[in-house]
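A.B. asks: Here the sequence shown is numbered in numbering that gives the first Met the number 0, starting from 0 and rising by one per residue.
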Amino acid sequence: MINASNRKMKLSGALLLLGIFGSFPVFAADGGTDEAGREYALKGAKTCLKCHDEYPVKNIFQTPHVQKADKRTPFAAHECESCHGASPDHLIEPPKKDQGEKHKPPHLVFGLKSKNYKVSSVDDQNKVCLGCHESGIRMHWRGSQHQSGDVPCAACHAIHQPKDPVLVKTDQAEVCFACHTDKRAQLRRRSRHPIREGKVVCADCHNPHGSAGRTLLVKNTVNETCYQCHAEKRGPFLWEHQPVREDCTNCHNPHGSTQQRMLVQRTPFLCNNCHSERFHPSTLRDGSGLPPVGADNRLLGKGCLNCHSKIHGSNHPSGPRFTR
Ligand code: HEC
Ligand code: HEC
Ligand code: HEC
Ligand code: HEC
Ligand code: HEC
Ligand code: HEC
Ligand code: HEC
Ligand code: HEC
Ligand code: HEC
Ligand code: HEC
Numbered sequence: 000m001i002n003a004s005n006r007k008m009k010l011s012g013a014l015l016l017l018g019i020f021g022s023f024p025v026f027a028a029d030g031g032t033d034e035a036g037r038e039y040a041l042k043g044a045k046t047c048l049k050c051h052d053e054y055p056v057k058n059i060f061q062t063p064h065v066q067k068a069d070k071r072t073p074f075a076a077h078e079c080e081s082c083h084g085a086s087p088d089h090l091i092e093p094p095k096k097d098q099g100e101k102h103k104p105p106h107l108v109f110g111l112k113s114k115n116y117k118v119s120s121v122d123d124q125n126k127v128c129l130g131c132h133e134s135g136i137r138m139h140w141r142g143s144q145h146q147s148g149d150v151p152c153a154a155c156h157a158i159h160q161p162k163d164p165v166l167v168k169t170d171q172a173e174v175c176f177a178c179h180t181d182k183r184a185q186l187r188r189r190s191r192h193p194i195r196e197g198k199v200v201c202a203d204c205h206n207p208h209g210s211a212g213r214t215l216l217v218k219n220t221v222n223e224t225c226y227q228c229h230a231e232k233r234g235p236f237l238w239e240h241q242p243v244r245e246d247c248t249n250c251h252n253p254h255g256s257t258q259q260r261m262l263v264q265r266t267p268f269l270c271n272n273c274h275s276e277r278f279h280p281s282t283l284r285d286g287s288g289l290p291p292v293g294a295d296n297r298l299l300g301k302g303c304l305n306c307h308s309k310i311h312g313s314n315h316p317s318g319p320r321f322t323r
């Protein structure tokens, strides 16, 4: 036979396993704390709002997490404590005589840093979110660069904001720039993807939650990632240009470049990384070789691309040199 208090122990045991309710009120020794726990059980979020009747905290009521009718949401269960954990110690003001003593923090404090308390460990923070969000695009979170780099979900996601900036196309990059400062500089270069304009976002190419491919790419390879939007470069071509097939970043920097077309270098130097200069002269044009003496028509229209215009591959029967 199971009596009521036994059942309560069992329940709190199960919640402990979930790693959320480390300090369930039933274990609290102190009467005030116990009472606070009971008040929370009765009034839920209202208990917190007595002290936290402020923005941005209250903005959470405009987010999808606060759909009581949707059983999957935190607010259908323990409301604020579904995420912040049972926090009976935090619900009571410290006694006057302990003015010097700090107010006890809630069970979980999220983010990279907090004004008042030590933030919880990244693992403890993320466990709560993953409890509801492990599937879908977060399938590869474990072992991903951001997981092993100790990045909390809350470093990118602003849970208490009605519009989480990282989910807004024009604002997403700014969230990433906070840590990837070099990318901010690259995206100011003259040739770049229209990321600042919100037409392309980091998440079009990267899955920040982890991926099966390298560098958090959304597809298995760089090229598959680019073909999502540049399908015409996929081919197959009758005449393939090997470095194009291999990796677009042989010639392009997807984050931006000071050269046109996001090229990593300008021609002819780009081409001459791989192609011998001997065959086609690629020295800067000078007086020699100009008409009327010994004119070489390759010198006159010297830009490699003037003739090899189908640089990504050609389907023309006589286009083996990508000239048509
Ligand atoms: C008796 C008043 C009181 C109650 C009730 C209360 N808090 Fe707090 N809380 C505070 C004070 C004081 C601070 C620290 C100063 C501040 O942020 O205003 C704080 C800070 C916090 C912080 C950390 C803020 C930071 O610095 O990152 C979180 C999270 C938090 N409370 C959550 C909750 C939750 C969840 C509840 C309800 C379960 C709750 N609080 C109930 C008084 C209270
Ligand atoms: C879905 C999980 C979740 C729920 C539910 C939730 N919080 Fe939070 N809370 C967070 C995260 C994550 C942060 C860190 C800051 C951020 O992401 O906005 C946070 C931050 C806070 C802060 C610190 C805010 C600041 O500006 O420093 C307070 C206070 C707080 N929460 C109180 C509450 C209260 C009160 C409730 C219930 C009304 C609640 N939280 C519900 C996840 C949650
Ligand atoms: C109790 C389960 C639960 C917990 C815990 C939880 N979430 Fe959610 N979350 C949901 C549900 C349900 C939705 C709505 C999904 C939908 O509508 O498909 C949601 C939506 C979201 C969204 C999309 C919001 C939008 O505006 O579309 C983000 C981002 C998110 N959660 C992040 C987090 C993070 C980060 C944490 C941890 C701090 C967290 N969640 C904790 C259940 C949860
Ligand atoms: C490095 C930044 C970053 C981190 C860390 C991060 N996210 Fe996200 N999250 C994003 C971006 C960007 C999107 C939008 C993805 C898109 O548009 O495809 C997103 C979308 C989401 C969504 C809504 C979209 C969906 O289909 O599910 C949820 C839920 C979510 N993240 C949960 C989490 C959880 C849980 C964690 C921690 C385990 C986490 N995120 C960590 C950047 C991040
Ligand atoms: C809180 C800091 C932080 C934020 C915010 C952040 N990152 Fe990261 N990111 C890291 C850390 C730490 C690593 C792992 C260490 C490393 O490889 O530099 C990483 C790694 C990566 C990598 C893989 C690098 C590699 O060489 O494999 C990519 C891609 C990436 N982040 C993209 C993003 C995107 C996109 C966003 C915004 C949606 C974002 N990051 C937001 C800290 C952050
Ligand atoms: C058009 C696609 C695309 C977009 C958009 C994009 N990236 Fe990348 N990113 C790549 C590719 C491709 C690589 C290199 C992959 C490789 O060679 O493994 C890369 C590499 C990275 C790396 C690791 C190597 C390095 O260069 O430091 C980081 C970090 C990164 N990207 C962050 C970001 C951030 C932050 C954003 C948004 C501001 C972003 N990326 C937008 C395609 C993209
Ligand atoms: C989400 C869609 C998307 C993806 C994925 C994408 N691009 Fe783009 N790309 C664009 C858009 C949009 C433009 C701008 C077109 C314009 O301005 O007319 C562009 C332009 C370019 C340009 C020409 C820039 C110029 O100055 O005219 C190059 C080169 C390029 N992308 C290379 C790549 C490479 C390499 C990849 C893979 C790493 C890639 N793109 C992935 C959407 C994408
Ligand atoms: C061998 C070097 C090289 C490789 C590899 C390469 N490109 Fe290019 N790409 C160029 C050059 C050179 C230009 C400039 C052409 C011009 O200005 O006429 C260019 C221009 C572009 C443009 C803008 C003009 C146009 O043709 O649409 C896009 C988009 C583009 N490349 C995408 C890609 C994608 C996607 C890949 C990988 C599948 C790739 N490139 C691989 C050299 C390369
Ligand atoms: C990353 C190395 C690399 C770069 C950069 C590169 N190529 Fe190539 N290219 C190759 C390889 C490898 C082949 C195939 C050679 C073969 O099949 O013998 C090739 C083939 C060619 C061919 C056909 C030659 C033949 O023998 O069939 C032409 C023409 C050509 N490239 C022009 C260019 C031009 C113009 C540029 C600069 C815009 C360029 N390439 C940049 C590696 C490169
Ligand atoms: C005026 C037009 C023109 C210009 C400019 C030009 N090429 Fe060519 N290129 C050709 C033609 C035509 C062929 C084919 C020659 C043949 O079949 O004998 C060729 C052949 C090639 C080949 C193949 C060589 C082989 O072994 O068959 C390569 C590689 C090449 N060009 C690279 C370049 C590079 C790199 C540049 C820029 C420095 C360049 N070309 C500039 C017209 C041009």
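Where a beta carbon is used, it is the ideal one built from N, C-alpha and C, also for glycine. None of these values were measured; they are calculated from a predicted model.
How about Q124 and A85: do their beta carbons lie closer than 9 Å?
C.D. replies: Contact flag unset, no.
A.B. asks: What are the partner residues of G190, as DSSP defines its beta bridges?
C.D. replies: A small fix is needed here, since residue 190 is Ser in this sequence, not Gly. Partner(s): S256.
A.B. asks: Cβ atoms of E92 and Y39: under 9 Å apart, would you say?
C.D. replies: No, the Cβ-Cβ distance between Y39 and E92 is not below 9 Å.
A.B. asks: Please go through the region 123 to 147 and give each complete alpha helix (DSSP H) segment of 4 or more residues, from N-terminal end onward.
C.D. replies: Counting whole runs of 4 or more residues, the region 123 to 147 contains the alpha helix (DSSP H) stretches 144 to 147.
A.B. asks: Just to check my reading of the structure: H208 and S134 have Cβ atoms closer than 8 Å, yes? What is that Cβ distance to the nearest angstrom?
C.D. replies: Actually they are not in contact, since the Cβ atoms of H208 and S134 sit about 11 Å apart, beyond 8 Å.
A.B. asks: I'd like the list of long-range same chain contacts for H156, defined as Cβ closer than 7 Å, with 5 residues on each side in sequence excluded.
C.D. replies: Taken in chain order, the residues that qualify are D163, V165.
A.B. asks: Count Cβ pairs between the region 175 to 192 and the region 248 to 267 that sit closer than 8 Å; are there 3 or more?
C.D. replies: With a cut-off of 8 Å, the region 248 to 267 and the region 175 to 192 count as touching, because enough Cβ pairs lie within range.
A.B. asks: Taking its Cβ as the centre, do 16 or more other Cβ atoms sit within 10 Å of N219, making it buried, or is it exposed?
C.D. replies: N219 comes out exposed.
A.B. asks: Measuring only from the beta carbon, is K113 closer than 8 Å to any heavy atom that is part of ligand 2?
C.D. replies: Here residue 113 turns out to be Ser, not Lys, going by the sequence shown. Yes, since a heavy atom of ligand 2 falls inside the 8 Å radius drawn around the Cβ of S113.
A.B. asks: With a cut-off of 8 Å on the beta carbons, I'd call A35 and L90 a contact; round off their distance for me.
C.D. replies: Contact flag correct, Cβ pair sits at about 4 Å.
A.B. asks: Can you tell me whether N206 is buried or exposed? The criterion is at least 16 other CB atoms within 10 Å of its CB, across all chains shown.
C.D. replies: Classification of N206: buried, given that the 10 Å Cβ count is 16 or more.
A.B. asks: For L262, which residues does DSSP report across the bridge?
C.D. replies: DSSP, once it has assigned bridges, lists H251 as partnering L262.
A.B. asks: When every heavy atom of ligand 7 is checked, does at least one fall within less than 8 Å of the C-beta of C204?
C.D. replies: C204: yes, Cβ under 8 Å from ligand 7.
A.B. asks: Using the Cα positions of G312 and A211, report the straight-line distance between them to the nearest angstrom.
C.D. replies: For G312 and A211, the distance between alpha carbons rounds to 28 Å.
A.B. asks: Any beta carbon of chain B sitting closer than 9 Å to that of C152?
C.D. replies: Among the chains of the structure shown, chain B does not appear; only one protein chain is present.
A.B. asks: If contacts are defined as beta-carbon pairs under 8 Å, then C201 and A230 qualify, I think. What distance do you get, rounded to the angstrom?
C.D. replies: Contact flag wrong, Cβ pair sits at about 21 Å.
A.B. asks: Say yes only if the C-beta of T169 is nearer than 8 Å to one or more non-hydrogen atoms of ligand 3, and no if none qualify.
C.D. replies: No - ligand 3 has no heavy atom lying nearer than 8 Å to the Cβ of T169.
A.B. asks: Tell me which residue opens and which closes the alpha helix (DSSP H) that H51 is part of.
C.D. replies: That residue, H51, is in no alpha helix (DSSP H); it is neither H nor E in DSSP.
A.B. asks: Any idea if E223 is buried or exposed, counting beta-carbon neighbours within 10 angstroms, 16 or more meaning buried?
C.D. replies: Looking at its Cβ environment, which holds fewer than 16 other Cβ atoms inside 10 Å, E223 is exposed.
A.B. asks: Quick check on this structure: which residue in L186, Y226, E196, R183 has the alpha carbon closest to the alpha carbon of C204?
C.D. replies: Answer by Cα proximity: Y226.
A.B. asks: By DSSP, does L166 sit in helix, in strand, or in coil?
C.D. replies: Of the three classes helix, strand and coil, the one that applies to L166 here is helix, per DSSP.
A.B. asks: Using only Cβ atoms and a threshold of 5 Å, which residues come within that distance of a heavy atom of ligand 2? Order them by chain position.
C.D. replies: Those residues, listed in chain order, are A44, C47, H51, V56, H64, P73, C79, C82, F109, G110, A153, A157, I158, H159.
A.B. asks: Quick check: what's the CA-CA separation for N305 versus V174?
C.D. replies: Taking the straight line joining both Cα atoms gives about 41 Å.
A.B. asks: Distance, Cα to Cα, V263 vs H251?
C.D. replies: So the alpha carbons of these two residues sit roughly 5 Å apart.
A.B. asks: On the three-state DSSP scale, how would you describe S313?
C.D. replies: S313 falls in the strand class under three-state DSSP.
A.B. asks: Would you report the Cα separation of K309 and Q241, rounded to the nearest angstrom?
C.D. replies: Answer to the nearest angstrom: the Cα atoms are 13 Å apart.
A.B. asks: Can you tell me which residues fall inside 7 Å of ligand 7, judged by beta-carbon distance to its nearest heavy atom, and keep chain order?
C.D. replies: Going along the chain, the residues that qualify are S190, H192, P193, K198, V199, D203, C204, V221, T224, C225, Q227, C228, H229, C247, T248, H251, P253, Q259, R260, M261.
A.B. asks: Within the present structure, is the beta-carbon of C306 separated from the nearest heavy atom of ligand 8 by less than 8 Å?
C.D. replies: C306 Cβ: outside cutoff for every heavy atom of ligand 8.
A.B. asks: Taking 8 Å as the cut-off, is the C-beta of V217 nearer than that to any heavy atom in ligand 8?
C.D. replies: Answer for V217: no, Cβ out of range of ligand 8.
A.B. asks: Since L216 sits in a beta bridge, which residues does DSSP pair it with?
C.D. replies: L216 is bridged to H205.
A.B. asks: Who are the near neighbours of H307 in its chain, counting only those whose CB is closer than 7 Å to its CB and skipping five residues on each side?
C.D. replies: Closer than 7 Å at Cβ, skipping near neighbours: R320, F321, T322.
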